[in-house]
Amino acid sequence: MTATLNLLKQPWVWAWVGALGVWGATAAFTGGQGAGEVLRAALTFGAFYVIVALGQMFVVTLGPGNVDLSIPACMTLAGTVAMKTMAGAAAMIPVGLLIALGIGLVVGTVNYALIRLLRIPPIIATLSSSFIYQSAAIWWNRGLRVKPPAALADFTTAKIAGVPVIALCVAVLAVAGHVLLTRTLYGRGVVAIGQNPRAAHLAGVGVERIRAATYILSATLAGLCGYLLAGFSGGAALNMGEEYLLSSIAVVVIGGTSVAGGFANVPGLWGAALFLFLLVTMLNTFGAGAGVRMVLTGLIIIGVIVAASGTRRRT
Amino acid sequence: MADDATPVVRLDGVEKSFGAVHALTGVTLALAPGQCLGLVGHNGAGKSTLMNVLSGNLAPDAGRIEVGGTDLTRGYAPHVALAHGVRCVYQEGSLCPNLTVAENARISHKAISGPGWRRRARALIGGRLDEIFPGHGISSDDIVGDLSIARRQMVEIARAFAETDTPARVVILDEPTSSLDSVAAGKLLAHVRRHVEGGGACVLISHLLGEILDTADRIAVMRDGGVVALDAATAFDRGKLVAAMGSVAEAAPRETAQTAAIRDHAPVVVEASPPGPDSLALTAHRGEVVGLAGLSGQGQTELLVQIFDHRPGTVVDGEVAMVAGDRQSDGVFPLWSIAENIAIGSLRQFLSGPLLDHGRARAFAEEWRGRIGIRTPDIGNPILSLSGGNQQKALFARALGSTAAIIAMDDPMRGVDVGTKQEVYAMIRAETAKGRTFLWYTTEMDELVHCDHVYVFREGAIVADLARAEMTEERVLHASFREDA
Amino acid sequence: MSAPVSPRVLRALLPPLSLAALLIAIFWLQPRTMSYFGLNLLLNLAVPIALATIAQMFILCVNELDLSIGAFVSLVACITATWLHDAPLLGVLALAGLVAAYAGLGALIHLRNLPSIVVTLGMSFVWLGLAVLVLPTPGGAAPDYIRSLMTLKPPIVPFPIIASVVLALAVHVLLMRSAWGTVLRGAGGNPQALARAGWSILRIKMTMFALAGFFGVLSGMALVGLTTSADANIALRYTLLSIAGVILGGGEFVGGRVSPIGAVIGAVTLALAGSFLSFLRLNPDWQIGAQGAILILVLALRVLISRGEVRR
Amino acid sequence: DTSDKRIALSNNYAGNSWRQAMLRSWEKVTGEAVEEGVVAEADAFTTAENQVTEQAAQIQNLILQGYDAIVLNAASPEGLNGAVREACDAGVVVVSFDGIVTEPCAWRIAVDFKQMGKDEVLYLADRLDGGDLLEIRGLAGVFVDDAISAGIHEGVEETGKFEIAGSVHGNWAQDVAQKAVAGILPSLPEIAAVVTQGGDGYGAAQAFKAAGRPMPIIVMGNRHDELTWWKEQKDANGYETMSVSIAPGVSTLAFWVAQQVLDGADVPKDLTVPFLRIDQENLEEALERTEPGGVANVNYTLEDAKEVIGGGAM
Ligand SMILES: Nc1ncnc2c1ncn2[C@@H]1O[C@H](COP(=O)(O)OP(=O)(O)OP(=O)(O)O)[C@@H](O)[C@H]1O
Ligand SMILES: Nc1ncnc2c1ncn2[C@@H]1O[C@H](COP(=O)(O)OP(=O)(O)OP(=O)(O)O)[C@@H](O)[C@H]1O
Ligand SMILES: O[C@@H]1[C@@H](O)[C@H](O)OC[C@H]1O
Ligand SMILES: [Mg+2]
Ligand SMILES: [Mg+2]
C-alpha cells in the first residue's frame, strides 16, 4: 500500500500511466486486436525518441534557458554524411558510426562555443547554428537519399523474441544515462548547476566543463540517433529530424524532468516516449480528423501534466 | 514599560507544525506600544516561524492573533497585517532584484500609485534611508539586484519603517543586522530606539546578544518552539540569556604568542592582492586564521572568490573550499536534501571506481549533522525546511567536510546562534591544528579575536595589516574609515 | 571607449545599435530601401512579429515561456479571416474568448504549479487543431477595416514605423513606468516578496497571460491585414521568433528582466535579418545557413559591445 | 527581347529531395538561359522554414531588388496574396507553380492534384474487386494535401468498391509515413491497397514488412527509393503498381512561362501541366533516368512552354 503511494509520488509515473492509458484505449477500441503489435511498434519508434531525449534531458537540467534546438539538424547532418560515406558498404558501418558520432562532437562543441564565447543564450545559439548544420547537410549531398548498408538496416529492424533489438539497445543506453545522472560527478554537477550555477561554482563544481560536456553529449546522441534512424528508414533525408525538435522537449518534460532545471529522471523518458507514440496511434486508430486529433493530443498532454502536478517537487 | 497598556499585538497559544516538526508549541506573547521586544533563541527555535505567523504569511494550526485589540485570527493574511500596520523585514530578504529601490517601495506601499507615483516613492524611500543610514550611498533609482547584500538589507529596513496611509505600528526585524557591518548596525539600532520612543513597537530578532540587551525593552527567549523566558531587558545579562537558550560556554581564542609563531615558521599558502589602488597584499600561512575586516562590501568577498578561483596573480597552494554567507544566491541548492547539500563539496571522497556511493555520502552527512548540530529529524529533508541558521550550518559542514586545505569564509556566521558559533570557533581551532588555513571575512568585531592576523579592507583595497597582538577594535574601525572623511 | 558608460545604459543601447548596424548594411546593399516605399515593404511584416514578441514578453516577465504563441496567432488569423469577416459579433466573441482562455491558462499554471513549457506545448496542438477546424484549407478574407489600417499610407513616415514606435512606447508606459506595471514586473523578480506585500500572484499571472493573449490577438489580426487571407500554419514560426526577439531586445528568461522597447527592436531586427540576406544573393545551398549566421552575428555584436560588463 | 530582364525564384522550402531536385533543375535550365543571353539573371531564393510570413517578406525584398518577374512556389495559396498583390502593383510579373496562389494578378501553372488522387483509385478499381484502403496524407493544412485527398475520396465514392479503413499523415516523408503506418497497422483489417501522395510509399512498404503483413498494392510517388523498391518486388514476385507525381522540373516550365510573359506573349492566367505517371511498363526506363537517391524528373524547354501556353498537351 505505502509502496504504491510512494510509487505514485515518483515524477515519472504519470508518463507511464498515460502510456498505459492510451494503449488500453486503443486496444479497447479494436477489441484487443493488434495490441501487442502496437506495443512493438511503440518500442521501436520510442527508442529513437529516447536517444535524443536523453541528451536533451541533461541540457534542460542545466537550468532555465538551456535547451538544444539543433538536435534535428544534427541528426540530419550526421545521417547524411554517414550514409554517403558508407555508400552502402557493410565494411564501412563502424566508420559511418564514428563519423556520425564525430559530427555530434563537432556540433556540440560549436554550440557550446557560441554559448560560452559569444554569450548567446542557448536557445538562440542552438537555433541559429542548426540552420548552418542544415545547410551543410544540403551542401554535402543535395538531398540525395543514399541507402544504408544492408547489415545496418537489418540490425536496426531486427527483433529478438519479438522485441525490437533497437529498443533493447536503447534500454541499455537509458540505464547508462540513469547511472550517469545519479551516480557520477558529472551527473551531480549537472543537477547542481541547474539549481544554482553560482553556488555550484563555489562548491567546487567545474561549471563550464560540465556545461560543455552536456552540449556535446546532447549533440553526440543526436548524431547517433540520426545514424540509426537513417539505417532504419532506408536512408537519410533532409527533413528526417524535423519531428524531433518538439518531441525531444516534450518527452523530457512529460517524463517529469523540471524545465526550471536541477531535477531530472530517466525512467520518465521511456514512459513519455511510448506515451507520445501511442497517443498519435490511438487518435489515428479512432479515425479522428487532423484538427480534432491535434486538439485531443494537446488536451491529453496537458491532462497528464495536471495529473502529475500533484507529485511534482515545487520549484 | 507598563504591561497594562493595550498591546498592539497579542499572540495567544499559537501552534504550528511542519509535518513532524513542531515549530511552535503554543506561544503566547504581547507587545505594547512604545516597546522593543527582543527575541532570541537557538537556530530553529521558531523565531522566524512566529514572525511569519504574525505577518500573515503562515496560518497557525491553533491560537489567536490580536492586533490593536481586535481578534483577526480568521482570514488573517499579509494584506490584513499590512493594513493594520504590521511590517516585517524578513530574514531571507523580500526585495524584487529586477526593480529599482523606489519601485520596491511601491510594491509594499499600495498607496503609492497614480500620476507622480515614482517621485513620491523616491522621496519616501530616500528620506527613510537618509534618516536611518545617513551616508548610505544608495540611489533610489539603483536596481536592487546590483546592490550588495548589506545595501539590500538597508533598503528593506527603510522600506519597512516608511509610512504612507498606514502607520508602521509594529515593525518586525528578523536578524536585520546579520548582513550589516557594526557601523550600519549601530545606526539601525539607534533608529529602533527612536521609533519606539516615538510610540511605535518593534520586534528585534538577533543572535548578537549585546544588540538585544542594549536595544530591547523586554526580551523573550525561545527554545524548541516555545517561550521559555520573558522579562524586562534589565533582568537579563549575557550569561542569563545564554543559559536560558540552553547554549554552551564560550571558546577561548588562541594565545597571542602562539599566533606569532605561526607567522614566523609555517609556510605561506596564500598570497593575493585585491585590485584596489595602493592595496597591501594578503598573506596566509599554513594553520593560520586570517581575518578580512572592514565595513561590509569593501572587496572582501571578491578577494575570497579571486583566491577560490586561483585567478592569475594569486598564489594559492592547495585546494580551496568556500563557505558562502549570502546563502540564497551563493550557497544553497534549493531542490536538494540537507544531506545532498552537505555532500556536494566532497563527492570525490565517495567515489568507488567511477561511481558515487550514496550510502557513504549519506553517512558522511549524518556524521556532520551530529558534529555541527543541525536541527532536523531527517537529513533527507529538503534543505529549505531548515531554519536560516541551520542552513548555514549545513554550508559549514560542506566546507569543513571537504578535503580542502584552505577554507574561505564569506561572513559565514550570518544567522548562526551563539551556541553554534562557539562550537564552530572551537572547530576552526581544531582544524588549524591539523594544518588547515582559514580566510575569514567577518563583519562582527567580536569574531576578530579568533583570528591570528587581520587585514582591514576599504574601497576594494587592503589598508591595514594587523597582527593579533596589535589588533584592537579601535584600530580596525580607524582603518575602516578614510582619514579625510 | 574610455568614457565610463554605466553597464545598464550600455545594455539598453545594444538592441538599437544592432538594429542600426543592420539597417545601414541594408541601405548600403540596396539603396532602393531608403525610401518611403522601400521602408514600408521592408518593415510591414515586422508589425505582427513585434506584437507577438510583446505577447511573449509578458509571459517571460513572470518567468514562464509560451511555446504556443505561433499557433495561437495562426488561430487568431484564421478566425479573423473567417468569422470576424463574415459574422463580426461571433468573431469578436471568439477572440475575446481566446484572451480569456489565456488568462485561464495563467491561472491553471499558477494554481497547479505546472511547467508552462509543457502546458503551452500542449496548447500549441490545441490552437493548431482549432485553426485547422476553423479553416481546413487556406482561405478566408481580411475584414476591410483591418486591411485598410495595415495598408495605411500616412504622410512622410511609413505606417510600420509609426506602429512599432507607438507599440513600444505604449507598452513601455504600461509595464515599465506605471505603478501597476511595476507590480507585474515585481512578480517576475520575486513572487514571494509580492505575496508578502499582500498581492495576489494568481491575479498577476492571469493579468500577464491575458495581456499576452490580447497582443497575440492583435498580432493575428495585423497579420491577416497584410496577407489578406489566412492559413492554419501561417504563423507557427512566431513562437521562436518571439522568444528570440525578446532576448535580442535585452530580456532574460527569468527574473522579470524585460524591455518592451528592446523587444520591439529585437523583433524588427529579426525581421530585417532575413531581408539583409536576400539582398546578399547567396547560393541557395547556404541561404538557410546564412540565416543562422546572421543571427549569430547580431548577437555576437552584443558581446563585443558589452565586453567587460560585470555583476554588482 | 528579354535579354535585360531579371527573374527570381521564390521558394518556401528546401528540406526534401523533391525540392532539392527542383532547385537543381532551375539551376541547370536557367543557367543555360542566362549563358545564352535569353535573360540577364535568374537567381534562386529559398527560406529556412516552410513559413508564409517569411516568404511574404522574401517576395517584398525581391520587389525592392527590382526583379522583373518572380517565379513562385508558394507556402500557401492564400496567405501570400498580400505580397503578390504588392508585386503586381509594382509591375512585377508573378508566375506560381506547384504551390500556386489564388491572387488573380498572378499566373498559375497548376497540376490537377485532385485528378491525381482520383487516378490512383481508378487504377486500383481496375486491378481489384474491392477491399480496404489505407490513405497516407501529406502535411495537414496544406492545400496540395487537401486536393489529392479530395480526389481520392471522390474516386472511392464514384467507384463504390472501396472502403478507407484508416488514414494517417505521412508529411511526404518516408520516415514519418513509416512511423504513422506502423502505429495504425495493427488495428486495421487486411489492407488491399495504400493510396499515397508521393514521398511516402517506401516508408509504408517498410512498415508493412516490419509488421509481417501481406504486401498490398502501394501507389508510389517519384522518389528513387520508391521506384527501386517497386522494381525489386517486380523482379522478385511480379509485384504491380503505378506511380503518380509532379515532376520537380516544373519550376523550369514556370521559368519559361515568366520569360514568355516578359517577352510580351499573350499567356492565359491558368495553365495546366500534366502530372508524371509511371506504369509497370515504363518503370525501368524511368528508373534509368533517375539519379540514385533522387527524384524522377523532367526538365522543360522553351518549346514545351510555348506548347502549354498554346493549350496543347505535351
Ligand atoms: N566569481 C564567480 N561568482 C559567481 N559565479 C561564478 C564566478 N566565477 C564563475 N562563475 C560561474 O561559473 C562559470 C565559470 O565556471 P568555472 O569557473 O566553474 O569553470 P570550470 O568549469 O571550473 O572551468 P574548468 O572547465 O576549467 O574547470 C561562469 O559562467 C559563472 O556562471
Ligand atoms: N517550510 C518549512 N518546512 C518544514 N519545516 C520548517 C519550515 N519552516 C521552518 N521549519 C522548521 O521549523 C523550525 C523553526 O524554524 P524557524 O525558521 O522559525 O527558526 P528560527 O528560530 O528562525 O531559527 P534561525 O535562528 O536559524 O533563523 C525549524 O526546525 C525548521 O526546520
Ligand atoms: O512540394 C510537394 C512535394 O514535396 C510532394 O512530395 O509532392 C507535392 C509537392 O507539391
Ligand atoms: Mg530565523
Ligand atoms: Mg554581521
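Chains as they are written, first to last, in this note's numbering: chain Z, 1 to 315; chain D, 316 to 800; chain V, 801 to 1112; chain P, 1113 to 1426.
All C-beta atoms in this analysis are idealised placements derived from N, C-alpha and C, irrespective of residue type, glycine included.
Just so it is clear, the structure is predicted and the values come from calculations on it, not from any experiment.
Under 8 Å by beta carbon: chain Z residues contacting residue i
i               : result
residue 923(V)  : 298 and 302
residue 1136(P) : 142
Pair within 9 Å by beta-carbon distance, residue i and residue j
i               : j               : result
residue 392(D)  : residue 371(D)  : yes
residue 998(V)  : residue 397(D)  : yes
residue 151(Z)  : residue 93(Z)   : yes
residue 515(D)  : residue 757(D)  : no
residue 1335(P) : residue 1297(P) : no
Same chain only: Cβ atoms within 7 Å of residue i, ignoring 5 sequence neighbours per side
i               : result
residue 1279(P) : 1247 and 1249
residue 503(D)  : 447, 472, 491, 492 and 495
residue 847(V)  : 960, 963, 964 and 1022
residue 833(V)  : 826, 827, 839 and 842
residue 122(Z)  : 65, 66, 67 and 115
Residues that residue i contacts on chain A, provided the C-beta gap is smaller than 7 Å
i              : result
residue 131(Z) : Of the chains in the structure shown, none is chain A; the protein chains are Z, D, V and P.
Cβ neighbours of residue i in the same chain (closer than 6 Å, five flanking residues each side left out)
i               : result
residue 1076(P) : Absent from the model: residue 1076(P). The displayed extent of chain P is 1113 to 1426, so no value can be given.
residue 1110(V) : For residue 1110(V), the pLDDT reaches just 41, beneath the cut-off of 50, and the residue's location in the model is therefore unreliable, leaving the point undetermined.
residue 648(D)  : 656
residue 616(D)  : 725
residue 57(Z)   : 252, 257 and 264
residue 1108(V) : With a pLDDT of only 47 at residue 1108(V), under the threshold of 50, the placement of this residue in the model should not be trusted; the figure read from the coordinates follows. For residue 1108(V), where only same-chain residues beyond five positions count, there are no Cβ hits under 6 Å.
Option in the options with minimal Cα separation from residue i
i               : options                            : result
residue 1093(V) : 111(Z), 64(Z) and 51(Z)            : 111(Z)
residue 216(Z)  : 169(Z), 198(Z) and 107(Z)          : 107(Z)
residue 895(V)  : 873(V), 822(V) and 914(V)          : 873(V)
residue 1128(P) : 1178(P), 1216(P) and 1287(P)       : 1287(P)
residue 336(D)  : 711(D), 702(D), 739(D) and 579(D)  : 702(D)
residue 926(V)  : 836(V), 1098(V), 994(V) and 898(V) : 898(V)
residue 573(D)  : 498(D), 361(D) and 784(D)          : 784(D)
residue 38(Z)   : 249(Z), 169(Z) and 163(Z)          : 163(Z)
residue 136(Z)  : 1099(V), 1095(V) and 1086(V)       : 1086(V)
residue 542(D)  : 789(D), 357(D) and 745(D)          : 357(D)
residue 1071(V) : 864(V), 909(V) and 819(V)          : 819(V)
residue 670(D)  : 41(Z), 273(Z) and 180(Z)           : 180(Z)
Contacts around residue i, its chain only, beta-carbon distance under 8 Å, and the 5 residues preceding and following it disregarded
i               : result
residue 1316(P) : 1246, 1248, 1282, 1289, 1290, 1293, 1306, 1308 and 1330
residue 672(D)  : 665 and 666
Proximal residues of chain D, C-beta to C-beta of residue i below 9 Å
i               : result
residue 1081(V) : Per Cβ cutoff of 9 Å: no residues; residue 1081(V) is ~44 Å from chain D at best.
Listed by chain order, chain V residues near residue i by CB distance under 7 Å
i               : result
residue 1175(P) : 841
residue 123(Z)  : 1043
Beta-carbon neighbours of residue i, restricted to chain D and to distances below 8 Å
i              : result
residue 856(V) : Near residue 856(V) there are no residues of chain D at all, since even the closest Cβ is about 17 Å away, more than 8 Å.
Residue i: contacting residues in chain V (beta-carbon distance under 8 Å)
i              : result
residue 381(Z) : This structure does not reach residue 381(Z), given that chain Z is present from 1 up to 315, and the question cannot be answered.
Interface partners of residue i on chain Z, CB under 7 Å
i               : result
residue 1287(P) : 229, 233, 237 and 240
residue 645(D)  : 198, 199 and 202
Contacts of residue i in chain P (Cβ-Cβ under 7 Å)
i               : result
residue 1029(V) : 1190, 1191 and 1193
### Query
Can you pull every residue whose C-beta falls closer than 5 Å to some heavy atom of ligand 2, listed in chain order?
333(D), 336(D), 338(D), 358(D), 359(D), 360(D), 361(D), 362(D), 363(D), 364(D), 700(D), 701(D), 702(D), 703(D) and 704(D)
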